[in-house]
Amino acid sequence: MPLASAAGLGHLRRMTDFQTQAKAAEAAMREVFPPTPLQRNVLLSDRFEADIYLKREDLSPVRSYKIRGALNAMRKQTKRDLFVCASAGNHAQGMAYMCREMGKRGVIFMPVTTPQQKIQKTRMFGGDNIEIHLVGDYFDDTLAAAQKWCVQQGGYFLSPFDDEDVIEGQASIAVEIKEQLGRAPDYVILPVGGGGMSSGVFSYFGDQSHSLFVEPAGGACLRAALDAGKPVALDQVDTFVDGAAVGKIGQKTFERLKHVASPDVLTIDEDRVCRTIVEMLNVEGIVLEPAGALALEALYDVRSWVRGKTVVCLSSGGNFDFERLPEVKERAQRYAGLQKYFILRVPQRPGALRDFLGLLGPDDNITRFEYMKKSARNFGSVLIGIETSQPENFGSLFSRLEQAGMAFTDITTDETLAQFVI
């Protein structure tokens, strides 16, 4: 037999074995929770002239797909009584839920900086079966402490993504999609963090579907790995899209994704994700966390590809802290060009503020007004936040300010300066 044919048969056999294992994992899920819905979304279907379906992983028992990997990995370790993980979010909640479901002991390490809301939800899911250790200001410190403790205590360390059993469990999503749709979709759009779910679904569908992968701009670890030919650590990670903000893709997950074509990996700016979060909440009543909105937002980038096709977008999670909503709304408006911040140099004389207010248009609304300091005896610096109805209104406003001789500096996109003053 030619070597090429032997290699092809070997690949086919491995794929068939993986599909069989994923189906077994999906069957095991039914003892714990029903399939998550696959829903055709009329708003997105009409907008992009395609049949757009949302795979609602935000409606799982822990409001994310992470329960799948935890369930599958733990069911294969029935002789183990102690499970350990490091996580500040969905992975912790998935393992906690399964510890209580299976009567196992779980120890979860979280950074000291983890919000109380996440800690409380993890405790709620795990009950008396888990304990939480708050260690380290940064996740790398937390992870190191968890792994060291696990070795000392003889526990089973449950990786959030770089584990074959976890990958296999996440692939149960693809099993459900095919059963619910009656076939594989033309396109499946997958958010990428460490790669557990995306590599699992991609491996299950193979050539049956065209898989697209979406990363946040501040955590594009798959693209970095593809460029380098191996997993590499990012120099810096923006944690806003916390469910997908991973500094280095997994070794096992990259092994499954290393041949992905570069055009199939999309990078989405964090502010753009906020646009979809706000729209889905306001229009559809769907609560998505930032990572859960990535696949939906990516539709704008592949509009011409998906027209007339059947597309499944993974809404990977809905663990959204509503205390973040003002920031999300502001970032969405900033991306849309409807919100700007600038520093205005104002003469220190009676009537100067009135002169400025007279330059505002009928749709310009002041959302922030704060004297920063007096830069000279006759002038002061003011931080101004303006919200308007149309992006072009800012061009007109800035022209009026210049004609009036009022100096200003637009700091909306200056991330370093904005961190200190906005």
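Under my numbering, think of the first position of the sequence shown as 29, with each following residue one higher.
Every residue, glycine too, gets a C-beta built ideally from N, C-alpha and C.
For Cys113, DSSP records a beta bridge to Ile136.
Counting the other CB atoms within 10 Å of its CB gives Asp86 a total of 16 or more, which places it among the buried residues. Taking the Cα of Tyr369 as reference, the smallest distance to any Cα among Arg284, Gln236 and Asp438 is reached at Asp438. Nearest neighbour of Glu283 by Cα position, chosen from Phe384, Ala272, Phe189 and Gly345, turns out to be Phe189.
Boundaries of the beta strand (DSSP E) harbouring Ser409: Phe407 to Glu415, taken from the DSSP string.
Distance from the Cα of Gln67 is smallest, within the candidate group Glu59, Arg84 and Val60, for Arg84. Taken atom to atom, the span from the alpha-carbon of Leu387 to that of Ile80 is near 45 Å. Between the alpha carbons of Phe397 and Val410 lies a distance of about 7 Å.
Under DSSP, His161 takes part in a beta bridge, and its partners are Phe137. Two segments are said to touch when three or more pairs of C-beta atoms, one from each, lie closer than 8 Å; by this definition the region 193–205 touches the region 53–61. Pro259 and Glu243 have their alpha carbons spaced roughly 15 Å apart. For Ser424, the uninterrupted alpha helix (DSSP H) segment begins and ends at Glu420 to Gln431. Contact annotation, Ala98 with Phe137: C-beta distance approximately 15 Å; criterion of less than 8 Å not satisfied. Sorting Gln418, Phe407, Gln376 and Pro375 by C-alpha distance to the C-alpha of Gly389 places Gln418 at the top. For Leu327, no beta strand (DSSP E) segment is defined, and its DSSP state is neither H nor E. The C-beta distance from Phe241 to Val288 rounds to 6 Å, short enough to fall under 8 Å. Per DSSP, reduced to three states, the secondary structure at His119 is helical.
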